[in-house]
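K.L.:
Residue numbers (our numbering), protein chains in the order written: chain W, 2 to 757; chain P, 976 to 1206.
Note that beta-carbon positions come from the ideal geometry of N, C-alpha and C, so glycine has one too.
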């Protein structure tokens, strides 16, 4: 075997370009699958450990106030292990900056805390001070032992920062539903003892949040029954945005990993299989020589399997070695969005299976390619004059069409038809590349479109003001009033959603699927909610809003295409006619309400500018952008490698024919035109198939981003299709240039001598 | 018509310089059937390649109707091959995915003769095989198609590299007949490279090569008939 091994390595060195393309495919397949898995599985494991270590509750119930009796009733629900009550208040931090800074403070009673202390003193109920979250502290340059001025109601209180913390129920903390992504500069959370809250901030009320450990499927219903009109909200791990977003993100990256890797690996396998086969097929004469010398079929088989094994093992090996870098990169892109105690990379058995699959494909391709020559008679292959088969093409049977083609075009078409695997590889490569590129370009485009639509078309206000008293503000400002509350809908999809009652105005412009604005003829529900709850126009729906004892029955008048805040919209007069009370706390206004007016009005408790919301939403898109750039990069690489392989195979297989045509007197540019027509044909078919497949794949992929709160829909812009097409066509044209370069360098004498 | 003046061709093989042709001089006239004889490695194929514009001489001049072939650009050489030269190879080099008729047509169209493709196929006696692909034909049939393809361009110079080398004696003679007819009837200068000295009998001129040099040039005013050749 010593000499066979030398031959093996020298053959690999001599044909390094073909081996390199197989190596690259094996490397990229493993890198993408294992790298992405390391990220999503790592995130999953990190979250699980964080949630378990820091004792994340299973459900949260909010009420105006909980009585001892009510807490006891919760404790007695079967399946519920522990119930812990706390007070939650939203406070303002006084700063010199013009922007409002909010800190949501929770009380704690135990010294055994359920959050992670990163810096400072261990929590102690007897100490007066505050523990605030790491991200808010960093964004506002707050350190342990600093003093911060907190305002609650009209009470101001100076508190010492006793520690910097991180909490498992605030993994994705936006502070308000009005923001899609975390806004650590303006929204923070913290912990404070009940004594401090009562002494320093003069808080008078009781507990308003229950943290429930344990499960009961009817917990939501029971909470509503126990609390009646005091019920404010119910969340579990799937609906509390602060937690659910992180769990959803695991699913999103997992989907990306499987969907993307699936297409990539399939294409890579196809490329590897065809390249290795062609490579070994050029060695049939050598196989015959080895047989003639007396080498056994097994030894020859092992020798050729070695071609596949070496390239497969080296490609997958490097892929595995580099994959932690990709995993770390993907996780790094998520760190600005999620607050987790420890970020880990983790792999599962499926990674190993993919690695083995790629190696096996390489070895089997090599063995299959060598099979005929190993099994055949040496003399047949030594003669080396086996004529390639010519076959009639189906088009030739249709009338006179065939006769109209030029001879060189007939040659190209028949050749393509005779080399179905090569043709298939080209078409699938282009179509697959197009699919990946449409997803790569289209996903950020879709999310950007969602942001643009939400904050330009659906809502057109300049600012949204939250007021303490509707009565004091209603005659003072002209704008559109919005009353937002949690409500139970029957039928629903298992989750409480938002009920948004709006007054007459021009700032809420959401349209129904038929393009109509919201009118005073019933309730309008958002598309995501309608689909999940199987609701359609004309259906009757019962609404039980928080803080109400009564239910309201409405007919669904329309399904609106709003992606944000999934729930229901209703006009003020329809709501009031049904007996509902309109006491909104939010007004949407235009730019005529200046910051000076707002600052002078103590009734305004918070202000959110639409531009800030938009900026925040774009931060969310940016957090995923690197991942999409990565997809685009890999997709380009895939298209280039597949088309390069195709061009290379095309040239190698037809070198003799090209040389013959050159001898007959064909000019180089005429031959280039022939290759171009063939390449354009393959690319055109792949492109035509790739566009609808890409749109379908984009839709499928973007939908996986949808959560209970946000509905993502795909948006295919001309820009997406244009850039994806440009990349594919450029890669195709580059391949033509590459083949024409080789035609230019073709040595007719050598090419024809090779035959003999 | 065609002159080789002091033509030499060197190849670099590794660190060695190999002289494939060394100061070769000869002349070929229209309608002349020339046989180039020599053992393997004598430079026959190199000479044919330079004649056909597939390769360039290192030194010397190649003139076709006083035009300096050796000085032509790549593109001009293509034009020369397209308009002047027809090639017949030992292993035919037909395009596998084109039928017999189409193989002739693809060459004939270069000189706008594609409408006569069928006529040329008839000339080589294969009109009933026009829709067959190369893999459906025998070696002799493929070589006849190859000759028809070369003749379809109506070349002034027909170059044949061991055209009967892969054929049996009966088929080989048929091929020789067609080539002789091309010289006699079409006034085409036919140059045939072979290592079979017997074929010298039917040639007007016999150029013998040895080690890249011309060993002898013999003129034959009364060439024998093809049937007289001992194959």
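#1: Any idea if residue 459 (chain W) is buried or exposed, counting beta-carbon neighbours within 10 angstroms, 16 or more meaning buried?
#2: Would the segment 397 to 414 of chain W count as touching the segment 588 to 606 of chain W if we require 3 or more Cβ pairs under 8 angstroms?
#3: In or out: residue 661 (chain W) buried (at least 16 other Cβ within 10 Å) or exposed?
#4: Quick check on residue 1112 (chain P): does DSSP put it in helix, strand or coil?
#5: Leaving out five residues on either side along the sequence, give the residues of the same chain with a beta carbon under 7 angstroms from the beta carbon of residue 1152 (chain P).
#6: So residue 201 (chain W) packs on residue 160 (chain W), CB below 8 angstroms; how close in whole Å?
#7: Could you give the residue range of the alpha helix (DSSP H) that holds residue 1098 (chain P)?
#8: Please go through the same chain and pick out, in chain order, the residues whose beta-carbon is closer than 7 angstroms to the beta-carbon of residue 386 (chain W), but skip the five residues on each side of it.
#9: Could one say the Cβ of residue 42 (chain W) lies closer than 9 angstroms to chain P's Cβ atoms, at least one of them?
#10: Judging by CA-CA distance, which residue of W:729, W:90, W:95 and W:4 is the nearest neighbour of residue 428 (chain W)?
#11: Could you please tell me which residues of the segment 394 to 425 of chain W, in chain order, have their CB closer than 7 angstroms to any CB of chain P?
#12: So is residue 54 (chain W) buried or exposed if we call it buried at 16+ other beta carbons inside 10 Å?
#13: How is residue 358 (chain W) classed by DSSP in three states: helix, strand or coil?
#14: Using a C-beta cutoff of 9 angstroms, does residue 664 (chain W) count as contacting chain P?
#15: Could you pull the start and end residues of the alpha helix (DSSP H) that residue 292 (chain W) belongs to?
#16: Alpha carbon to alpha carbon, how far is residue 1126 (chain P) from residue 1006 (chain P)? Give it in angstroms, no decimals.
#17: DSSP state of residue 1 (chain W), grouped into three classes?
#18: When you check each C-beta in the segment 1157 to 1174 of chain P against every C-beta of chain W, which residues fall closer than 8 angstroms?
#19: Taking just the CA atoms, how far does residue 334 (chain W) sit from residue 172 (chain W)?
#20: When burial is assigned at 16 or more other CB atoms within 10 Å of the CB, is residue 423 (chain W) buried or exposed?
#21: Please state the DSSP three-state secondary structure of residue 82 (chain W).
#22: How many Å lie between residue 659 (chain W) and residue 750 (chain W) at the Cα?
#23: Are the beta-carbon atoms of residue 1046 (chain P) and residue 983 (chain P) separated by less than 9 angstroms?
#24: Span of the beta strand (DSSP E) holding residue 808 (chain W)?
#25: Mapping the DSSP letters down to three states, classify residue 976 (chain P) as helix, strand or coil.
#26: Contact between the segment 556 to 573 of chain W and the segment 529 to 546 of chain W is defined here as three or more beta-carbon pairs at a separation below 8 angstroms; is this criterion met?
#27: Starting from the beta carbon of residue 753 (chain W), find every residue of chain P whose beta carbon is closer than 7 angstroms, and list them in chain order.
#28: Hey, residue 1050 (chain P) and residue 746 (chain W): beta-carbon distance below 9 angstroms or not?
#29: At 7 angstroms on the CB atoms, spell out the chain P contacts of residue 749 (chain W), in chain order.
#30: If you scan the segment 448 to 483 of chain W from start to end, which runs of the beta strand (DSSP E) of 3 or more residues do you find wholly inside it?
#31: Compute the Euclidean distance between the alpha carbons of residue 356 (chain W) and residue 20 (chain W), then round it to the nearest angstrom.
#32: Determine, using beta carbons only, whether residue 456 (chain W) and residue 519 (chain W) come nearer to each other than 9 angstroms.
#33: What's the gap between the Cα of residue 364 (chain W) and the Cα of residue 314 (chain W)?
#34: Looking at the unbroken beta strand (DSSP E) that takes in residue 159 (chain W), where does it start and where does it end?
#35: Considering only the beta carbon of each residue, do residue 1064 (chain P) and residue 1026 (chain P) sit closer than 9 angstroms?
#36: Shortest alpha-carbon distance to residue 635 (chain W) belongs to which of W:26, W:17 and W:3?
P.N.:
Let me spell this out:
#1: Under this definition residue 459 (chain W) is a buried residue.
#2: Verdict: no, contact absent.
#3: So residue 661 (chain W) ends up on the buried side.
#4: Secondary structure at residue 1112 (chain P): coil, using DSSP grouped into helix, strand and coil.
#5: Listed in chain order, the non-local C-beta contacts of residue 1152 (chain P) below 7 angstroms within the same chain comprise 1201, local neighbours out to five positions each way being set aside.
#6: The pair is a contact, with the Cβ atoms about 7 angstroms apart (cut-off 8 angstroms).
#7: Annotation: the continuous alpha helix (DSSP H) that includes residue 1098 (chain P) extends over 1092 to 1098.
#8: Because residue 386 (chain W) sits at a pLDDT of 49, beneath the cut-off of 50, its placement in the model cannot be relied upon, and the following sentence gives the value as read from the coordinates. Closer than 7 angstroms at Cβ, skipping near neighbours: no residue.
#9: For residue 42 (chain W), not one C-beta of chain P is nearer than 9 angstroms to its own C-beta.
#10: Ranking the options by Cα distance to residue 428 (chain W), first place goes to W:729.
#11: Answer in chain order: 408, 409, 411, 412, 415, 416 and 419.
#12: The residue is exposed, with fewer than 16 neighbouring Cβ atoms inside 10 Å.
#13: Of the three classes helix, strand and coil, the one that applies to residue 358 (chain W) here is helix, per DSSP.
#14: Interface criterion met: the Cβ of residue 664 (chain W) is under 9 angstroms from a Cβ in chain P.
#15: 285 to 294 is the extent of the alpha helix (DSSP H) around residue 292 (chain W).
#16: So the alpha carbons of these two residues sit roughly 14 angstroms apart.
#17: Only positions 2 to 757 of chain W appear in this structure, which leaves residue 1 (chain W) out of reach.
#18: If the cut-off is 8 angstroms between Cβ atoms, the segment 1157 to 1174 of chain P has nothing near chain W.
#19: Each residue's Cα considered, the two are about 15 angstroms apart.
#20: Of the other Cβ atoms in all chains shown, 16 or more fall within 10 Å of the Cβ of residue 423 (chain W); this residue is therefore buried.
#21: Strand.
#22: Going by C-alpha positions, residue 659 (chain W) is about 12 angstroms away from residue 750 (chain W).
#23: No, the Cβ-Cβ distance between residue 1046 (chain P) and residue 983 (chain P) is not below 9 angstroms.
#24: Chain W is shown from 2 up to 757; residue 808 (chain W) falls before or after that span and cannot be answered.
#25: In the three-state reduction of the DSSP assignment, residue 976 (chain P) falls in the coil class, being assigned neither a helical nor a strand state.
#26: Touching, yes.
#27: By Cβ distance, chain P contributes 1064 and 1068.
#28: No, Cβ-Cβ distance for residue 1050 (chain P) and residue 746 (chain W) is not below 9 angstroms.
#29: Going along chain P in sequence order, the residues near residue 749 (chain W) (Cβ under 7 angstroms) are 1029.
#30: Whole beta strand (DSSP E) segments, 3+ residues: 464 to 468.
#31: Using only the alpha carbons, I get a separation of about 18 angstroms.
#32: Inclusion of residue 456 (chain W) and residue 519 (chain W) in the CB contact set at 9 angstroms is not warranted, their separation being larger than that value.
#33: The alpha-carbon atoms of residue 364 (chain W) and residue 314 (chain W) are separated by roughly 10 angstroms.
#34: Secondary structure note for residue 159 (chain W): its beta strand (DSSP E) is the uninterrupted segment 156 to 168.
#35: Contact: no.
#36: Among W:26, W:17 and W:3, the Cα nearest to that of residue 635 (chain W) is on W:26.
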